[in-house]
Amino acid sequence: MANSKLIVSDLDFDAIKTNLKTFLQSQTQFQDYDFEGSGLSILLDILSYNTHYMAYLANMSTNELYLDSADIRNNIVSLAKMLGYTPNSPRAPKASINVVVNDGTGTSITMAKGTVFTTTLNDTTYQYINNEDITTTPVDGVFTFSNVTLYEGTLVKFKYTVDETDVDQKFIIPSSNADTSTLKVIVQNSASDTSSNTYTLSSGFSGVGSDSKVYFIQESTDGKFEVYFGDGVTGKKLENGNVVILEYIVTNKTSSNGAKTFALQGSVGGFTNVSITTNSVSQGGADSEDNESVKFNAPLNFAAQDRAVTTTDYETLVKGIYPNALSVSAWGGEDDETPRYGIVKIAIKAASGSTLTDQTKLDIVNGLKKYNVASVKPEIVDPETTSILLTSNIKYDAKSTTKSATTLKSDVINTITTYNTGTLQKFDGVFRHSKLTGLIDNTDASILSNITTLKIRKNFTPIINSATKYDIYFRNALYNPHSGHNSAAGGILASTGFKVASDATNEMFLDDDGNGNVRMYYLVSGVKTYANSTQGTIDYATGQVTLNLLNIASISNIRGASSTVIELTVQPSSNDVIPVRDQIVEIDVANSLINVEEDTFVGGSAEAGVGYSTSSSY
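Each residue of the sequence shown is one higher than the last, beginning at 1 in the working numbering.
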């Protein structure tokens with residue numbers, strides 16, 4: 001009996017064609033038929049290709065229906081919109097300055113909106129502007145504009161006339177580099193009637209009535225944004241002849257992050273003799289939110305429901321307020337070593353720039369106010385870095401590679417660097433020892449093994465000439481297998497040098513006695529002399545080091561360079577290092593020790609293992 005069924009589970013071209021041939025060969029009409037040598041083979045190719053294309057199209061179309069599997073930008077944006085999420089536009093870098101008008105006269109001076117300042121960074125000049133009129137009066141005859149916020153970019157104004165006959169009329173922001181956080185939407189009554197109203201951005205439908213002067217925004221095609229208005233039920237409806245004015249800043253995004261000095265172009269209120277000081281360097285410039293970020297943040301934003309209750313809510317909302325955030329960590333103040341109730345702490349690592357300025361922190365806190373639960377106060381803190389110092393001894397088979405030990409060392413360093421930047425350097429970046437050692441082994445086929453050990457380091461900045469107590473939190477358990485461990489050699493704690501006010505001669509260092517006491521010592525002919533055997537405490541279980549009142553007069557150079565910090569290095573109990581709360585774990589690649597040497601055993605020069613040596617794992 002002829003087989004009348006086709007196998008439909010295989011959808012690649014070759015499988016489809018084979019299945020079709022098998023089906024036809026099972027029919028009596030095509031028994032002993034030479035498919036390969038006939039014109040029917042071409043028809044089978046066409047049919048197989050068509051089936052394959054249709055299967056591929058169906059698969060891709062299905063993928064585009066779901067946010068987590070979609071790849072096309074327009075589909076991702078559309079699916080995110082269903083969750084009430086609008087991707088972030090580019091963001092202009094912001095700086096804060098003070099401007100003193102040296103030759104000012106009169107009762108007041110106004111710095112007009114759009115006043116131009118310039119800065120030069122990496123041999124490129126950038127334009128900065130203020131985004132609102134600011135008026136000041138003299139104090140003791142001096143006109144001072146304090147904490148002026150500058151935005152990098154060009155102020156642009158675009159107008160549309162409402163035409164109710166055009167059912168497809170859209171109010172598009174024409175530039176893909178427009179910073180929508182600077183957008184001002186003004187609706188003028190008509191071309192002849194200049195009376196106008198400023199509309200505000202609606203973040204939802206709650207509290208929006210038929211006369212609410214609000215606008216909505218969404219990403220349109222080509223990465224541009226579209227402004228739209230209410231329908232007379234939810235939000236005030238535009239009338240025919242209304243003039244829609246869109247005013248915004250077009251920015252160069254990240255290019256001028258880090259700018260420090262600014263110069264006035266033109267005048268302030270007609271005066272050109274000004275002195276400018278910088279309160280905070282330029283930071284916060286960011287690119288448009290990418291696809292992966294939208295796919296990650298949209299569901300979390302939906303879960304937050306425009307309110308900040310859980311720590312995840314805060315992390316999600318902060319990324320919307322401050323798009324330059326690479327990583328965000330939030331936790332309740334009650335979880336700190338010293339509990340503080342009624343606050344939520346937020347640590348932010350910026351994608352570009354250094355730590356956040358005070359002004360940027362204030363802007364984020366103000367942006368969170370409308371989401372906050374009553375009586376809960378957000379507090380922005382700087383990230384703390386825990387550095388990992390590696391010692392890696394690597395054996396390789398010289399007969400299986402043409403690379404030298406130096407070249408292999410360079411390759412291993414590149415592997416470690418890639419792991420460092422790709423996996424670590426963020427709040428959820430856990431250092432996993434076995435993962436790294438596996439990557440080192442896989443760097444080159446000639447590498448036979450590696451024995452990699454680690455220590456961890458934190459820095460603290462002392463207050464010079466002030467008796468101060470210091471708490472340093474490693475937040476990882478430290479190695480202490482028994483009381484008094486390694487006491488004679490200095491325990492598991494080490495520090496860089498410093499001098500104290502009570503002894504201007506001797507350079508001091510810190511170690512521990514294995515019993516939980518931090519000791520301060522100096523060297524006499526290379527021998528430790530303890531100035532204080534109870535300078536502080538070390539909690540091996542929690543990783544907290546406490547230094548009792550310590551009056552530091554000066555800080556020694558570190559690795560030949562002047563320093564403002566003291567380094568504390570310890571031996572962790574585990575080879576895996578976990579970041580906790582505001583901590584970021586990263587490998588100090590430059591100061592790690594990488595040794596690559598030929599394996600004499602496999603090379604035959606250590607026959608029967610005689611003379612062969614291995615590195616200690618401890």
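Cβ atoms here follow ideal geometry from the backbone N, Cα and C, with glycine treated the same way. Note that this is a predicted model, so its numbers are computed, not measured.
Using alpha carbons as the reference points, say which of the options lies closest to residue i.
i, options, result
"F296", "P87, Y49, N74", "P87"
"T180", "L155, V167, T468", "L155"
"A112", "T149, P138, S410", "T149"
"N252", "L43, A405, I416, Q127", "Q127"
"T452", "V430, M520, S615, Y540", "S615"
"D471", "T261, T461, A477, N465", "T461"
"L83", "E64, D133, R475, P299", "P299"
"T200", "L246, G223, I76", "L246"
"T136", "Y49, T105, Y151, F117", "T105"
"T165", "K213, P93, E239", "E239"
"A286", "F474, N63, A92, T402", "A92"
"P572", "N595, I97, Y540, E132", "Y540"
"F498", "F509, G491, G342", "F509"
"A504", "Q535, S495, N551, A494", "N551"
"S327", "N63, V565, T423", "T423"
"V373", "L390, T386, S387, I343", "I343"
"K94", "E292, T261, V187, E219", "T261"
"S96", "S202, P174, I538, N147", "N147"
"V281", "N301, N291, T28, S256", "S256"
"S212", "L44, T402, D231, K469", "D231"
"Y85", "E289, L65, V381", "E289"
Buried or exposed: where does residue i fall if 16 or more other Cβ atoms within 10 Å of its Cβ makes it buried?
i, result
"D513", "buried"
"V268", "buried"
"R307", "exposed"
"R340", "exposed"
"I463", "exposed"
"Y56", "exposed"
"T254", "buried"
"R457", "buried"
"N324", "buried"
"A561", "exposed"
"T529", "exposed"
"S387", "buried"
Using 8 Å as the threshold, is the C-beta distance between residue i and residue j below it?
i, j, result
"G153", "I249", "yes"
"D441", "D411", "no"
"N575", "H482", "no"
"F158", "V101", "no"
"T569", "K455", "yes"
"P378", "D582", "no"
"A488", "N465", "no"
"I566", "I555", "yes"
"F225", "S78", "no"
"S176", "G223", "yes"
"M520", "N506", "no"
Where residue i and residue j are concerned, what is the direct C-alpha to C-alpha distance, given to the nearest angstrom?
i, j, result
"V542", "I584", "Reading the sequence as shown, one finds Thr at residue 542 and not Val. So the two alpha carbons sit approximately 17 Å from each other."
"S329", "N74", "30 Å"
"D363", "K395", "53 Å"
"A398", "D599", "8 Å"
"T119", "I72", "38 Å"
"Q425", "N122", "26 Å"
"N557", "T107", "53 Å"
"Y322", "T182", "13 Å"
"S617", "L547", "31 Å"
"I16", "Y49", "8 Å"
"N515", "H485", "8 Å"
"N19", "F13", "10 Å"
"K361", "K349", "12 Å"
"A351", "I416", "21 Å"
"Y479", "G491", "9 Å"
"D534", "G526", "One detail in the question is off: residue 534 reads as Thr in this sequence, not Asp. When rounded, the distance between both Cα atoms is 21 Å."
"M60", "A405", "48 Å"
"N189", "Q283", "38 Å"
"G258", "Y419", "26 Å"
"T277", "V187", "37 Å"
Does residue i come out as helix, strand or coil in the three-state DSSP assignment?
i, result
"E334", "helix"
"S146", "strand"
"F601", "helix"
"L356", "coil"
"I46", "helix"
"D231", "coil"
"P572", "strand"
"V365", "helix"
"E247", "strand"
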